[in-house]
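Below: the structure, in structure tokens.
Number of protein chains: 2
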Amino acid sequence: MTFKTLSAYMPILRWGRTYDRQAFSGDLLAAVIVTIMLIPQSLAYAMLAGLPPEAGLYASIAPIILYAIFGTSRALAVGPVAVVSLMTAAAISTIADQGSMGYAIAALTLAGLSGVMLLTLGLFKLGFLANFLSHPVIAGFITASGILIAASQIKHVLGISASGDTLPELLGSIVENLGETNLVTLAIGLLATAFLFWVRKGFKPLLRRLGLGPRPADMVAKAGPVFAVVLTTLAVWGFRLDAQGVSIVGAVPQGLPPLTLPSFSPDLIGLLVLPAFLISIIGFVESISVAQTLAAKKRQRIDPDQELIGLGAANIGAAFTGGYPVTGGFARSVVNFDAGAETPAAGAFTAIGLGIAALALTPLIYFLPIATLSATIIVAVLSLVDFSILKRSWSYSKPDFIAVAATMLFTLGMGVETGVSAGVILSIGLHLYRTSRPHIAEVGLVPGTQHFRNIHRHKVLTDPGLLTIRIDESLYFANARFLEDYVYDRLAAEGSIHDVILMCSAINEIDLSALESLEAINHRLGEMGVTLHLSELKGPVMDGLKKSTFLEALTGQVFLSQYDAWVRLVSQSSDVWPRPVAVPSG
Amino acid sequence: MTFKTLSAYMPILRWGRTYDRQAFSGDLLAAVIVTIMLIPQSLAYAMLAGLPPEAGLYASIAPIILYAIFGTSRALAVGPVAVVSLMTAAAISTIADQGSMGYAIAALTLAGLSGVMLLTLGLFKLGFLANFLSHPVIAGFITASGILIAASQIKHVLGISASGDTLPELLGSIVENLGETNLVTLAIGLLATAFLFWVRKGFKPLLRRLGLGPRPADMVAKAGPVFAVVLTTLAVWGFRLDAQGVSIVGAVPQGLPPLTLPSFSPDLIGLLVLPAFLISIIGFVESISVAQTLAAKKRQRIDPDQELIGLGAANIGAAFTGGYPVTGGFARSVVNFDAGAETPAAGAFTAIGLGIAALALTPLIYFLPIATLSATIIVAVLSLVDFSILKRSWSYSKPDFIAVAATMLFTLGMGVETGVSAGVILSIGLHLYRTSRPHIAEVGLVPGTQHFRNIHRHKVLTDPGLLTIRIDESLYFANARFLEDYVYDRLAAEGSIHDVILMCSAINEIDLSALESLEAINHRLGEMGVTLHLSELKGPVMDGLKKSTFLEALTGQVFLSQYDAWVRLVSQSSDVWPRPVAVPSG
Numbered sequence: 131m132t133f134k135t136l137s138a139y140m141p142i143l144r145w146g147r148t149y150d151r152q153a154f155s156g157d158l159l160a161a162v163i164v165t166i167m168l169i170p171q172s173l174a175y176a177m178l179a180g181l182p183p184e185a186g187l188y189a190s191i192a193p194i195i196l197y198a199i200f201g202t203s204r205a206l207a208v209g210p211v212a213v214v215s216l217m218t219a220a221a222i223s224t225i226a227d228q229g230s231m232g233y234a235i236a237a238l239t240l241a242g243l244s245g246v247m248l249l250t251l252g253l254f255k256l257g258f259l260a261n262f263l264s265h266p267v268i269a270g271f272i273t274a275s276g277i278l279i280a281a282s283q284i285k286h287v288l289g290i291s292a293s294g295d296t297l298p299e300l301l302g303s304i305v306e307n308l309g310e311t312n313l314v315t316l317a318i319g320l321l322a323t324a325f326l327f328w329v330r331k332g333f334k335p336l337l338r339r340l341g342l343g344p345r346p347a348d349m350v351a352k353a354g355p356v357f358a359v360v361l362t363t364l365a366v367w368g369f370r371l372d373a374q375g376v377s378i379v380g381a382v383p384q385g386l387p388p389l390t391l392p393s394f395s396p397d398l399i400g401l402l403v404l405p406a407f408l409i410s411i412i413g414f415v416e417s418i419s420v421a422q423t424l425a426a427k428k429r430q431r432i433d434p435d436q437e438l439i440g441l442g443a444a445n446i447g448a449a450f451t452g453g454y455p456v457t458g459g460f461a462r463s464v465v466n467f468d469a470g471a472e473t474p475a476a477g478a479f480t481a482i483g484l485g486i487a488a489l490a491l492t493p494l495i496y497f498l499p500i501a502t503l504s505a506t507i508i509v510a511v512l513s514l515v516d517f518s519i520l521k522r523s524w525s526y527s528k529p530d531f532i533a534v535a536a537t538m539l540f541t542l543g544m545g546v547e548t549g550v551s552a553g554v555i556l557s558i559g560l561h562l563y564r565t566s567r568p569h570i571a572e573v574g575l576v577p578g579t580q581h582f583r584n585i586h587r588h589k590v591l592t593d594p595g596l597l598t599i600r601i602d603e604s605l606y607f608a609n610a611r612f613l614e615d616y617v618y619d620r621l622a623a624e625g626s627i628h629d630v631i632l633m634c635s636a637i638n639e640i641d642l643s644a645l646e647s648l649e650a651i652n653h654r655l656g657e658m659g660v661t662l663h664l665s666e667l668k669g670p671v672m673d674g675l676k677k678s679t680f681l682e683a684l685t686g687q688v689f690l691s692q693y694d695a696w697v698r699l700v701s702q703s704s705d706v707w708p709r710p711v712a713v714p715s716g
Numbered sequence: 131m132t133f134k135t136l137s138a139y140m141p142i143l144r145w146g147r148t149y150d151r152q153a154f155s156g157d158l159l160a161a162v163i164v165t166i167m168l169i170p171q172s173l174a175y176a177m178l179a180g181l182p183p184e185a186g187l188y189a190s191i192a193p194i195i196l197y198a199i200f201g202t203s204r205a206l207a208v209g210p211v212a213v214v215s216l217m218t219a220a221a222i223s224t225i226a227d228q229g230s231m232g233y234a235i236a237a238l239t240l241a242g243l244s245g246v247m248l249l250t251l252g253l254f255k256l257g258f259l260a261n262f263l264s265h266p267v268i269a270g271f272i273t274a275s276g277i278l279i280a281a282s283q284i285k286h287v288l289g290i291s292a293s294g295d296t297l298p299e300l301l302g303s304i305v306e307n308l309g310e311t312n313l314v315t316l317a318i319g320l321l322a323t324a325f326l327f328w329v330r331k332g333f334k335p336l337l338r339r340l341g342l343g344p345r346p347a348d349m350v351a352k353a354g355p356v357f358a359v360v361l362t363t364l365a366v367w368g369f370r371l372d373a374q375g376v377s378i379v380g381a382v383p384q385g386l387p388p389l390t391l392p393s394f395s396p397d398l399i400g401l402l403v404l405p406a407f408l409i410s411i412i413g414f415v416e417s418i419s420v421a422q423t424l425a426a427k428k429r430q431r432i433d434p435d436q437e438l439i440g441l442g443a444a445n446i447g448a449a450f451t452g453g454y455p456v457t458g459g460f461a462r463s464v465v466n467f468d469a470g471a472e473t474p475a476a477g478a479f480t481a482i483g484l485g486i487a488a489l490a491l492t493p494l495i496y497f498l499p500i501a502t503l504s505a506t507i508i509v510a511v512l513s514l515v516d517f518s519i520l521k522r523s524w525s526y527s528k529p530d531f532i533a534v535a536a537t538m539l540f541t542l543g544m545g546v547e548t549g550v551s552a553g554v555i556l557s558i559g560l561h562l563y564r565t566s567r568p569h570i571a572e573v574g575l576v577p578g579t580q581h582f583r584n585i586h587r588h589k590v591l592t593d594p595g596l597l598t599i600r601i602d603e604s605l606y607f608a609n610a611r612f613l614e615d616y617v618y619d620r621l622a623a624e625g626s627i628h629d630v631i632l633m634c635s636a637i638n639e640i641d642l643s644a645l646e647s648l649e650a651i652n653h654r655l656g657e658m659g660v661t662l663h664l665s666e667l668k669g670p671v672m673d674g675l676k677k678s679t680f681l682e683a684l685t686g687q688v689f690l691s692q693y694d695a696w697v698r699l700v701s702q703s704s705d706v707w708p709r710p711v712a713v714p715s716g
């Protein structure tokens, strides 16, 4: 393997060679800010995934370093994210009990499987698969997941126990146990939530009024959640609120990420294959859209297949260092970018910061209330909730609306896996349905041009002996019979037609089923004394037809352009030419 | 409900009113011939389905009458057919033991479920669903099923026991038990098979040489299988070959079809839903293609949605009269048609003939050897086996070939349900894959015309400041990102371009994901100082875009034709026009 091919798979070899002092200082500052932001977030997302808090820190260390080596985005920050954490919990909670050894091993295995899948997709350049998740389906899924996640955290704010993978289950369970609400916990939870919402909007202006410059104010505001963590922890410690029933994080092991092994049990792998695939695709889509948004701002390019390799390596890293599935997060990547990260080295520095936190700071969070972590999650995910996609899709495209609405309803009502699967299946199904009943237009000549348009939309010239139909779809098995029926019905209605032209400008493919239909149409029209012609066949389609016997059997001709066909066929029927009949637009 | 709407759902009310003596005599003759042909066939197919022989007769009586009332084909003969019988056996054999009461009830339930599904599809006009089964996939499936069916009958010809749902299982099981071969059975089986093959080719010429007219010779030849039945039954009876270990049909109850009830157990229905759906679709496709072929010969029309209702009624009838899933059969329908059937009344007369057989003739088949029935099946299904689809699809379209080959391999290696599902999923998947990476052509003006073609295939005029790309596919979620990448890459490579035209003649739809991509392209090109135009947008697509804000944000214009765009934009860049640069075809 030459250096060139090696560096194709390890972008670090490219940017690493020109790394300088300026890039270093930008990366270092970004790393400090992201580290401060990530500490509470990592703990909270681990809890969302049903894992002990340290798993969130571990999942942020090795994966960040591996992504820095293999990823192409200069600003992406990889680690636990809300939606993937929820999907992890949904996948594992049916297999093992939360808190058990089996649960943690299943999380490692899920990360490992997901890593292998991402790596495989990347090496075989199958990143296009993610395109089958349409933008509206993603938007609907993220919004519904945000609601589901927020709902799952209500119990911690109330200090009660509740469970469920769907919104009705969660709400039902909360209502049932509402009587057990711990008022001290509730007070902490509500204050933390209110504070965090305020931090988002009001903290920066306050800091500015206090005399901070715009950039420092921005940086300090980003650390807002840390204040919530520090203040509530101090409150619990000072007033011994844990004795009042406030749940706290408790003892967290001190030390660097442990070396762990995922399970290789075929049974467990069998159960996790589908969730791992969904997590991989969702994680990839989330990550690549963040990466592309940020790269576009600096005119950099993201290679989707190499991104798959980077994310695959990160997840395999998570599987061997006590983590769980990770991906590129939106909020942290934006913070990283805004704070001036120049290269993926910023990620490596963040990993060092988190490593120090895991080594030294865990005793300090013993009294951190769970309700504060939940408040962090609620505030973070509610920013993902955005119903505008419903309105946009309703006004632009009903099939897209159906796919979005179904994705949301299924995600809320039947859980994340069913939700995203339903969205994908429905959008593919609706697309196939539409292409199975293509728009077919009868066209005529726009006077004074060589251009042909729909006789019902434009004032065009037509000829009573000549029927020209433009099929607005590739011909394939799903619509092959539709065309046959259309042509037969159309000819049955009009007796004067002696030539039919299929204008093929919108036909991008003719598969074997459609070829058989064309052969049947040609044969049947022949029996009726009607000649079949084709016009504006595209190169690749023509190449295909040449491999069959259709062109020899064709009763008419293939014309380069529809205008050629018109000139030839209309002038042949001498009683009509040169006075074609004008049809008014309808 | 008026008579008109009633007759729309009961075609019998239309043809019944003009029924006359001539139609009656045609129908009667056809019925006699089809009845003679159906007796051995019905017994044999019931055996293939794992049911007692009388189930085959019962499945031919009520269903034929119900189809005569509700169906639209004048010649279709409904009853048990080979492929559906095999699918029935495959569906039920995992649920109940052959010969048990549970097995028979499962068969009734399968017919009932299939009937309800067909009826529902018909009432909701969902017949187009069958189009997703492409011609090549059907051809591959029928061929593989034929092989599987023939293989399943070898044991009866050998007089051994063997089992299996796949070719390897069947052949392995046969080889294992080969030592138990009963030589007398084998002799009967081979002779019957040889005789039946000979009947297909040599019997009619012989009858003609013996002085029969062409039509009577044809009719008598059709009854060939009955001779095999009579001769082998007499041989077994005369020489008491059953005492030598030759398996015989044995006692068959005498009487009209019994009234039966399918099961309404949700568990059983749950197990049978998928097989019932596959049987419904396969049966419908087989039936409708026979019906359309025969209708085309007499210029009659088949209404696919009404056919679904007819087949649905037939299957519900089968469920309540001791039958199992039925559909329109190819061989019997052709015989019916050739024998001169004029109306569906021929089917009703056939039902009467079979009713008489069930009442009176069953004692006569006590000594009928099973090996003869197997020979009937083998000879019938081997005529379905046709590998030419492999060659045709290989030379015309590789994706079709892949779908066919996979359908065959999965059907033979993993059974009928997996086979047909694999074929459908693969053909849809390959179609989506192709549309996700559309052909994109850069086009120029064909000199002396207003027509634009690919610069790499035609000698065309282009302008260095103007890039025109024709996207040969509808824009939807699966290829939205592909277009973005293409445009950015293309512009990165060439600095002189100031106008980009997307020629939209092949774009039949722009969904919300693609709209977002177009907005992104427009925005990004705007930042680069490049103007984006569209040309030849189709009416329905334009209607869609008008519902969005895209057209207001568009930096350039929408041109009716590509030529309009060319004239306007090339004349603007005054240093080029009127001398566009000729690019040689490459």
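Those sequence lines, one after another, are chains A and B.
Sequential numbering of the first sequence, starting at 131, is according to our numbering.
Sequential numbering of the second sequence, starting at 131, is according to our numbering.
Using N, Cα and C, we set each Cβ at its ideal position, and we do this for glycine too.
Note that this is a predicted model, so its numbers are computed, not measured.
Practice task
With distances taken Cα to Cα, identify the nearest neighbour of residue 181 of chain A among A:192, A:339, A:382, A:314.
Solution key: Relative to the Cα of residue 181 of chain A, the nearest Cα in the group A:192, A:339, A:382, A:314 belongs to A:382.
Exercise for the section: Check the Cβ-Cβ distances between residue 203 of chain B and every residue of chain A, and say whether any is below 7 Å. Expected result: With 7 Å as the cut-off, residue 203 of chain B does not count as an interface residue toward chain A.
Exercise for the section: Look at the alpha carbon of residue 231 of chain A and the alpha carbon of residue 639 of chain A, and state the distance between them as a whole number of angstroms. Expected result: Near 54 Å, if we compare the C-alpha coordinates of residue 639 of chain A and residue 231 of chain A.
Exercise for the section: Could you check the C-alpha separation between residue 244 of chain A and residue 550 of chain A for me, to the nearest Å? Expected result: So the two alpha carbons sit approximately 17 Å from each other.
Practice task
Kindly indicate if chain A contains any beta-carbon less than 7 Å away from that of residue 696 of chain B.
Solution key: Not an interface residue.
Handout entry: Minimum Cβ-Cβ distance from residue 252 of chain A to chain B less than 7 Å
Key = Not an interface residue.
Exercise for the section: Give the secondary structure of residue 658 of chain A by DSSP, where H, G and I count as helix, E and B as strand, and everything else as coil. Expected result: If DSSP states are grouped into helix, strand and coil, residue 658 of chain A belongs with coil.
Handout entry: Three-state class that DSSP yields for residue 624 of chain B in the structure shown
Key = In the displayed model, residue 624 of chain B falls within coil according to three-state DSSP, outside both helix and strand.
Problem - First and last residue of the uninterrupted beta strand (DSSP E) at residue 583 of chain A - result: For residue 583 of chain A, the enclosing beta strand (DSSP E) begins and ends at 582-584.
Exercise for the section: Leaving out five residues on either side along the sequence, give the residues of the same chain with a beta carbon under 7 Å from the beta carbon of residue 140 of chain B. Expected result: Counting only residues of its own chain and dropping the five nearest sequence neighbours on each side, residue 140 of chain B has a CB closer than 7 Å to the CB of 199, 200.
Practice task
Determine, using beta carbons only, whether residue 234 of chain A and residue 222 of chain A come nearer to each other than 7 Å.
Solution key: Against a cut-off of 7 Å, the Cβ pair of residue 222 of chain A and residue 234 of chain A comes out as no contact.
Practice task
Could you name the residues of the same chain whose beta carbon sits closer than 6 Å to that of residue 618 of chain B, not counting the 5 residues immediately before and after it, in chain order?
Solution key: Leaving aside the five residues that flank residue 618 of chain B on each side, none in its chain has a CB nearer than 6 Å to its CB.
Practice task
Give the secondary structure of residue 288 of chain B by DSSP, where H, G and I count as helix, E and B as strand, and everything else as coil.
Solution key: The three-state reading of DSSP puts residue 288 of chain B in helix, counting H, G and I together.
Problem - Where the alpha helix (DSSP H) containing residue 600 of chain A begins and where it ends - result: Where residue 600 of chain A is concerned, there is no enclosing alpha helix (DSSP H), although the beta strand (DSSP E) it sits in stretches over 596-601.
Exercise for the section: Assign residue 468 of chain B to one of three DSSP states: helix, strand, or coil. Expected result: Reduced to three states, the DSSP call for residue 468 of chain B is helix.
Practice task
Would you kindly check if the distance between the Cβ of residue 252 of chain A and the Cβ of residue 458 of chain A is under 7 Å?
Solution key: For the 7 Å CB-CB criterion, residue 458 of chain A and residue 252 of chain A do not form a contact.
Problem - Under 7 Å between C-beta atoms of residue 277 of chain B and residue 515 of chain B - result: Yes.
Problem - residue 647 of chain B and residue 261 of chain A closer than 7 Å at C-beta - result: Taking 7 Å as the Cβ cut-off, residue 647 of chain B and residue 261 of chain A do not qualify as a contacting pair.
Exercise for the section: Can you give me the Cβ contacts of residue 473 of chain A inside the same chain, cut-off strictly under 7 Å, excluding the 5 residues immediately before and after it? Expected result: Around residue 473 of chain A: 145, 149, 153, 157, 204.
Handout entry: Beta carbon of residue 666 of chain A nearer than 7 Å to that of residue 633 of chain A
Key = It is a contact, given that the beta carbons lie within the stated cut-off.
Exercise for the section: Report the partner residues of residue 664 of chain B according to the DSSP bridge assignment. Expected result: The partner list for residue 664 of chain B (beta bridge, DSSP) reads B:632, B:688.
Practice task
Could you confirm whether any beta carbon from chain B is found closer than 7 Å to the beta carbon of residue 677 of chain A?
Solution key: Interface flag for residue 677 of chain A against chain B is set, since a Cβ pair is found closer than 7 Å.
Exercise for the section: List the residues of chain B that residue 665 of chain A touches, going by C-beta distances under 9 Å, in chain order. Expected result: Listed along chain B is no residue with a C-beta nearer than 9 Å to that of residue 665 of chain A; the closest approach is about 10 Å.
Problem - Cβ contact check for the segment 311-324 of chain A and the segment 275-294 of chain A: 3 or more pairs under 8 Å - result: In short, these stretches touch, since the Cβ pair count reaches three.
Practice task
List the residues of chain B that residue 283 of chain A touches, going by C-beta distances under 7 Å, in chain order.
Solution key: None at all; the shortest Cβ gap to chain B is about 31 Å.
Problem - Short CB-CB distance (under 7 Å) between residue 264 of chain A and chain B - result: With 7 Å as the cut-off, residue 264 of chain A counts as an interface residue toward chain B.
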